[in-house]
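Engineer:
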Ligand SMILES: Nc1ncnc2c1ncn2[C@@H]1O[C@H](COP(=O)(O)OP(=O)(O)OP(=O)(O)O)[C@@H](O)[C@H]1O
Ligand SMILES: [Mg+2]
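Numbering (the numbering used here), first residue to last: 84 to 514.
#1: In this structure, does DSSP put residue 510 in helix, strand or coil?
#2: Which whole-angstrom value describes the C-beta separation of residue 148 and residue 350, a residue pair presumed to lie in contact below a C-beta threshold of 8 angstroms?
#3: Could you check whether the segment 336-354 touches the segment 158-176, counting it as contact only if at least three pairs of C-beta atoms, one from each stretch, sit closer than 8 angstroms?
#4: Cβ of residue 107 within 9 angstroms of Cβ of residue 136?
#5: Could you tell me which residues DSSP puts in a beta bridge with residue 401?
#6: Going by C-alpha distance, which of 159, 197, 198, 196 is nearest residue 179?
#7: Please report the residue range of the beta strand (DSSP E) in which residue 244 lies.
#8: Just the Cα atoms here: how many angstroms apart are residue 261 and residue 216?
#9: For residue 228, I'd like the list of residues in its chain whose CB is within less than 7 angstroms of its CB, leaving aside the five on either flank, ordered along the chain.
#10: If you measure from the beta carbon of residue 150 to each beta carbon in chain C, is any gap under 9 angstroms?
#11: Only counting the same chain, and skipping five residues up and downstream in sequence, which positions put a Cβ closer than 8 angstroms to that of residue 379?
#12: Going by DSSP in three states, residue 453 sits in which element: helix, strand or coil?
#13: Taking only three categories from DSSP, how would you classify residue 442?
#14: Say the cut is 8 angstroms; is the CB of residue 154 nearer than that to a heavy atom of ligand 2?
#15: Tell me, to the nearest whole angstrom, how far the beta carbon of residue 258 is from that of residue 290; I am working on the premise that it is less than 8 angstroms.
#16: On the criterion of 16 or more Cβ atoms from any shown chain inside 10 Å, does residue 188 qualify as buried, or is it exposed?
#17: Checking 9 angstroms against the spacing of the C-beta atoms, do residue 459 and residue 444 come in under that value?
#18: Exposed or buried, residue 73, counting other C-beta atoms within 10 Å across all chains shown (16 or more means buried)?
#19: Within the same chain, show all residues whose beta-carbon is closer than 8 angstroms to that of residue 97, passing over the 5 residues directly before and after it, in chain order.
#20: How far does the alpha helix (DSSP H) with residue 342 in it extend, from its first residue to its last?
#21: Excluding the five sequence neighbours on either side, which residues of its own chain have a C-beta within less than 8 angstroms of the C-beta of residue 336, listed in chain order?
#22: At the level of alpha carbons, what is the spacing between residue 409 and residue 470?
#23: Return the CA-CA distance between residue 428 and residue 464, expressed in angstroms with no decimal places.
#24: Just tell me which of 281, 238, 208 has its CA closest to the CA of residue 253.
#25: Please name the residue in 243, 462, 453, 318 whose C-alpha comes closest to that of residue 439.
#26: Kindly indicate which three-state DSSP category residue 169 falls into: helix, strand or coil?
#27: Nearest-angstrom Cα distance between residue 285 and residue 383?
#28: From which residue to which residue does the alpha helix (DSSP H) around residue 188 run?
#29: DSSP state of residue 492, grouped into three classes?
#30: Should residue 319 be counted as a contact of ligand 2 given a C-beta to heavy atom distance under 8 angstroms?
#31: Is residue 150 near ligand 1 - that is, is its Cβ less than 8 angstroms away from at least one heavy atom of it?
#32: Using the Cα positions of residue 162 and residue 292, report the straight-line distance between them to the nearest angstrom.
#33: Do residue 313 and residue 155 count as a contact pair if the criterion is CB distance below 9 angstroms?
#34: Would you call the CB atoms of residue 273 and residue 309 closer than 9 angstroms?
#35: Could you give the DSSP three-state label for residue 312: helix, strand or coil?
#36: Since I believe residue 165 is in contact with residue 99 (beta carbons under 8 angstroms), could you give me their beta-carbon distance rounded to a whole number of angstroms?
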């Protein structure tokens with residue numbers, strides 16, 4: 084059973100321009116002008132340009148972009164800290180420009196919580212007092228607010244630290260207090276602006292995992308918390324987001340699910356981000372396979388096979404195919420040379436069966452074999468045809484952390500060797 088999602092945040096043609104006479108940026112003359120031109124010509128800073136999006140209840144909506152792309156401005160528009168130059172923000176059925184200050188304060192206090200990169204923890208308050216602070220300003224009694232704060236502190240793994248003071252905590256623990264403080268408000272919407280950016284990588288990953296499991300426990304409660312999570316880190320976005328809006332120069336340049344962002348970047352800007360992404364979660368062997376260049380036929384001569392190896396440049400395995408591109412096996416450069424020296428007419432008797440992948444295999448299935456074989460390995464479709472090849476270079480294209488030593492390149496020495504052999508043969512044939 085699926086019901087259509089409930090929209091909790093709706094943003095319609097939002098513009099935010101900083102400077103004098105910001106409305107100028109929206110006039111016909113300037114509305115299509117780039118951010119830098121606008122700054123040069125009018126001294127206006129374009130922070131949001133015609134942003135429209137909808138966020139569903141319960142989803143983790145990630146806004147990703149480089150510094151200055153407008154992420155924080157967007158979040159500030161969502162909780163009414165900024166009144167946009169133009170456009171509309173609807174939060175939980177209320178249009179922000181239509182409500183008065185008291186109503187806005189109520190909305191912020193009761194339904195929206197915010198977590199920043201730098202938590203403003205009160206140094207003179209204990210962890211418990213810091214966590215319960217939001218409830219205190221709501222006028223909730225000490226016993227009740229401590230009970231609720233305790234619950235959330237346990238949820239973020241800070242049981243036993245209730246009486247400690249911020250100065251006694253690590254950065255990661257302070258982030259947890261900030262998170263617990265936001266959670267005690269049991270907000271319908273949790274806005275998180277780069278909450279993990281200040282943490283070292285290991286702690287950061289730990290916090291991401293915790294947010295994911297936290298979300299599960301939040302979802303088992305009656306209210307489904309919606310999270311708007313800001314980051315400039317694509318891996319973090321892919322890991323946490325149900326959907327991701329990628330921003331550039333104040334514009335949303337793609338809004339999609341993580342796998343679509345990686346597999347089908349809509350423009351060069353998004354593609355430039357996803358090039359080096361750690362994609363084990365979304366990619367299959369079929370996605371990762373790169374074109375295999377030329378293949379040789381079963382009946383090819385050893386020379387023809389060596390020539391294919393040269394033409395292909397990257398792969399010491401020459402793939403041998405039969406009719407309809409059916410994959411038959413490989414002949415390695417070494418073996419082709421052996422066949423040549425043995426005077427064989429065809430490589431048929433020399434074809435070997437390598438490790439192969441099926442197109443549905445995942446990144447994790449593929450990785451160990453690719454690391455074990457410093458050559459390209461074939462990906463075979465259901466119909467038995469060669470789909471493409473995977474080697475550590477094509478893997479590296481989707482796997483940022485690939486160690487340089489596993490990136491295979493046809494060794495220059497092998498290349499020279501083949502060239503020499505073929506030249507000699509050709510000269511002999513001519514002479
Ligand atoms: N109060 C302000 N006055 C003038 N310009 C501003 C103001 N706030 C933000 N800007 C500009 O608006 C643009 C968007 O800023 P914003 O803070 O939203 O970016 P961001 O994506 O959150 O960046 P970061 O990753 O560095 O936090 C930037 O060019 C910034 O310089
Ligand atoms: Mg920011």
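Virtual Cβ for every residue (Gly too), placed ideally from N, Cα, C. All of these numbers come straight from a predicted model, not from anything done at the bench.
Structural biologist: So, from the data block:
#1: For the purposes of this step, residue 510 is taken as the residue at position 427 of the chain shown. Three-state result, residue 510: helix.
#2: Taking the chain shown and counting its residues from 1, the one referred to as residue 148 is at position 65. Taking the chain shown and counting its residues from 1, the one referred to as residue 350 is at position 267. Actually they do not touch by this definition, with Cβ atoms about 13 angstroms apart.
#3: no
#4: In the chain shown, residue 107 corresponds to position 24, counting from 1. In the chain shown, residue 136 corresponds to position 53, counting from 1. No, they are not a contact pair.
#5: As a position in the chain shown, residue 401 is number 318, starting the count at 1. Residue 401 is bridged to 414.
#6: Within the chain shown, the letter at position 96 stands for residue 179. For the residues 159, 197, 198, 196, the minimum Cα distance to residue 179 belongs to 159.
#7: Within the chain shown, numbered from 1, the residue matching residue 244 stands at position 161. Counting along the chain, residue 244 sits inside no beta strand (DSSP E), nor does DSSP assign it H or E at all.
#8: Translated into positions along the chain shown, residue 261 becomes position 178. Translated into positions along the chain shown, residue 216 becomes position 133. Spanning the two alpha carbons is a distance of roughly 11 angstroms.
#9: Position 145 of the chain shown, counted from the first residue, corresponds to residue 228. Closer than 7 angstroms at the Cβ level, and outside the excluded window around residue 228, lie 215, 218, 219.
#10: Going by chain labels, chain C is absent from the structure shown, which holds only one protein chain.
#11: As a position in the chain shown, residue 379 is number 296, starting the count at 1. Answer for residue 379: 387, 388, 391, 401, 402, 403, 404, 414, 430, listed in chain order.
#12: Taking the chain shown and counting its residues from 1, one reaches residue 453 at position 370. Helix at residue 453.
#13: Position 359 of the chain shown, counting from 1, holds the residue named residue 442. Residue 442: coil per DSSP, three-state reduction.
#14: Walking along the chain shown from the start, residue 154 turns up at place 71. Yes, the Cβ of residue 154 comes within 8 angstroms of a heavy atom of ligand 2.
#15: For the purposes of this step, residue 258 is taken as residue 175 along the chain shown, with counting starting at 1. For the purposes of this step, residue 290 is taken as residue 207 along the chain shown, with counting starting at 1. Contact flag correct, Cβ pair sits at about 6 angstroms.
#16: Here the question's residue 188 lines up with position 105 in the chain shown. Exposed.
#17: The residue given as residue 459 occupies position 376 in the chain shown. The residue given as residue 444 occupies position 361 in the chain shown. Cβ distance not < 9 angstroms, so residue 459 and residue 444 don't count as in contact.
#18: Outside the shown range of the chain (84 to 514) lies residue 73, about which nothing can therefore be said.
#19: To locate residue 97, count along the chain shown from 1; it is residue 14. So the qualifying residues of the chain are 131, 133, 134, 135, 157, 160, 167, 169, 170, 171, 172.
#20: Within the chain shown, numbered from 1, the residue matching residue 342 stands at position 259. Where residue 342 is concerned, the enclosing alpha helix (DSSP H) stretches over 341-346.
#21: Position 253 of the chain shown, counting from 1, holds the residue named residue 336. Here the set comprises 329, 330, 349, 350, 352, 353.
#22: The sequence position of residue 409 within the chain shown is 326, counting from 1. The sequence position of residue 470 within the chain shown is 387, counting from 1. One C-alpha to the other measures close to 10 angstroms.
#23: As a working note, residue 428 is residue 345 in the chain shown. As a working note, residue 464 is residue 381 in the chain shown. If you take the alpha carbons of residue 428 and residue 464, they lie about 30 angstroms apart.
#24: The count along the chain shown starts at 1 and reaches residue 253 at position 170. Out of 281, 238, 208, 281 has the C-alpha closest to the C-alpha of residue 253.
#25: Against the chain shown, residue 439 aligns to sequence position 356. Nearest option by C-alpha distance: 462.
#26: Residue mapping note: residue 169 aligns to position 86 of the chain shown, counting from 1. Correct three-state label for residue 169: strand.
#27: If you number the chain shown from 1, residue 285 lands on position 202. If you number the chain shown from 1, residue 383 lands on position 300. So the alpha carbons of these two residues sit roughly 53 angstroms apart.
#28: What you label residue 188 is simply residue 105 of the chain shown in a count that begins at 1. Residue 188 -> alpha helix (DSSP H) spans 184-193.
#29: Walking along the chain shown from the start, residue 492 turns up at place 409. Because the pLDDT of residue 492 is 35, which lies under 50, any placement of that residue in the model is unreliable, and the number read from its coordinates should be weighed accordingly. Annotated three-state conformation of residue 492 is coil, per DSSP.
#30: Mapped onto the chain shown, residue 319 falls at position 236. Not one heavy atom of ligand 2 lies closer than 8 angstroms to the C-beta of residue 319.
#31: Locating residue 150 in the chain shown gives position 67, counting from the first residue. Checking every heavy atom of ligand 1 against the Cβ of residue 150, one is found closer than 8 angstroms.
#32: Counting from one through the chain shown, the residue named residue 162 turns up at place 79. Counting from one through the chain shown, the residue named residue 292 turns up at place 209. Roughly 26 angstroms separates the two Cα atoms.
#33: In the chain shown, counting from the first residue as 1, residue 155 sits at position 72. In the chain shown, counting from the first residue as 1, residue 313 sits at position 230. When the beta-carbon positions are compared, residue 155 and residue 313 come within less than 9 angstroms of each other.
#34: Taking the chain shown and counting its residues from 1, one reaches residue 273 at position 190. Taking the chain shown and counting its residues from 1, one reaches residue 309 at position 226. In this structure, residue 309 lies closer than 9 angstroms to residue 273 by Cβ.
#35: Numbered from its first residue, the chain shown carries residue 312 at position 229. Reduced to three states, the DSSP call for residue 312 is strand.
#36: Position 16 of the chain shown, counted from the first residue, corresponds to residue 99. Position 82 of the chain shown, counted from the first residue, corresponds to residue 165. With 8 angstroms as the limit, residue 99 and residue 165 qualify as a contact, their Cβ atoms being about 6 angstroms apart.
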